[in-house]
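For reference, the structure is listed below as structure tokens.
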Amino acid sequence: MEQLRIAVIVGSTRQGRVGDGVGRWVAEVAGARPDTEVGLVDLGDYDFPPCYPDQPTAAMRRFVARIGWADGFVVVTPEYNRSFPASLKQAIDYAYDEWHAKPAGFVSYGYRSEGIYAVEQLRTVFTELHVMTMRNGVGVNLLDDDPLDTERRRQAATAMLDQLTWWAAALRDARRERPYVS
Ligand SMILES: Cc1cc2nc3c(=O)[nH]c(=O)nc-3n(C[C@H](O)[C@H](O)[C@H](O)COP(=O)(O)O)c2cc1C
321 MEQLRIAVIV GSTRQGRVGD GVGRWVAEVA GARPDTEVGL VDLGDYDFPP
371 CYPDQPTAAM RRFVARIGWA DGFVVVTPEY NRSFPASLKQ AIDYAYDEWH
421 AKPAGFVSYG YRSEGIYAVE QLRTVFTELH VMTMRNGVGV NLLDDDPLDT
471 ERRRQAATAM LDQLTWWAAA LRDARRERPY VS
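So the mapping is simple: my numbering equals the position in the sequence shown, first residue as 1, plus 320.
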């Protein structure tokens, strides 16, 4: 079977962030599946411009190419003031067609709310970009003793990835059959 290309997008670029560890964890869980090829897209690796330029920079083009490469996305987001971080919105806005008719699942984290407010706002953004968002996600409460690698979180990740890969395969086939109408 042709593997599905899943981009794990690490949305926080904050100095001292925990997001890179969360991203590596979910990339490892996704990469252990036989049906996926996982690419880590860490926004901390992209030297994006401070202002939206007239012409895309090399970093912007590199990011957009990664979005175009993927059949589906796992978006790893913290919660900042009941939303997702500006670094993630900046990057999302650089691509357009490359998002279309693809699925996204979420791994969110924060205190008690487990980043769910950030996820709900991302669903709105992704509706505009014709991205199908997964019902199930992974929520991480950073105040837990062992926030990441618990059986419950692995099961949550598996449920989300099962849905994501179903949609990624279905939409890849559909895009190949006929161009998406946007
Ligand atoms: C500016 C800012 C605002 C935050 N607001 C929230 C919030 O509204 N809800 C929440 O649960 N955690 C909030 N937090 C806590 C973060 O979720 C936590 O610090 C997390 O580690 C941030 O992700 P990062 O380390 O990958 O950047 C906030 C953190 C920052 C820096």
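Built from N, CA and C at the ideal position, the CB exists for glycine as well. Bear in mind the structure is a predicted one, so any value in this text is a computation, not a measurement.
Identity of the residue in the options nearest residue i by Cα
| i | options | result |
| --- | --- | --- |
| D464 | M454, E434, R492 and D482 | E434 |
| D469 | Q323, P369 and W345 | W345 |
| A494 | P467, E448 and K422 | K422 |
| A415 | V445, R496, Q483 and L481 | V445 |
| R334 | E399, A490, M321 and R443 | E399 |
| E322 | Y500, T485 and V501 | T485 |
| Y429 | L491, D466, A490 and S502 | D466 |
| N504 | P373, R432, G339 and D482 | One cannot answer for residue 504 here, as it falls past the ends of the chain, which runs 321 to 502. |
8 Å Cβ cutoff met for residue i and residue j
| i | j | result |
| --- | --- | --- |
| I326 | A390 | yes |
| V396 | G331 | yes |
| V451 | A477 | no |
| F393 | A438 | no |
| A350 | V328 | yes |
| L360 | L408 | no |
| L449 | F426 | no |
Residue i: CB within 7 Å of a non-hydrogen atom of ligand 1
| i | result |
| --- | --- |
| R344 | no |
| G388 | no |
| V458 | no |
| G364 | no |
| L408 | no |
| Y414 | no |
| V338 | yes |
| G430 | yes |
| L468 | no |
Reduced DSSP secondary structure (H/G/I, E/B, other) of residue i
| i | result |
| --- | --- |
| Y400 | strand |
| G351 | helix |
| Y429 | strand |
| V395 | strand |
| E357 | strand |
| R325 | strand |
| M380 | helix |
Ligand 2 heavy atom lying under 7 Å from the CB of residue i
| i | result |
| --- | --- |
| E440 | Within the structure as shown, ligand 2 is missing, the only ligands being ligand 1. |
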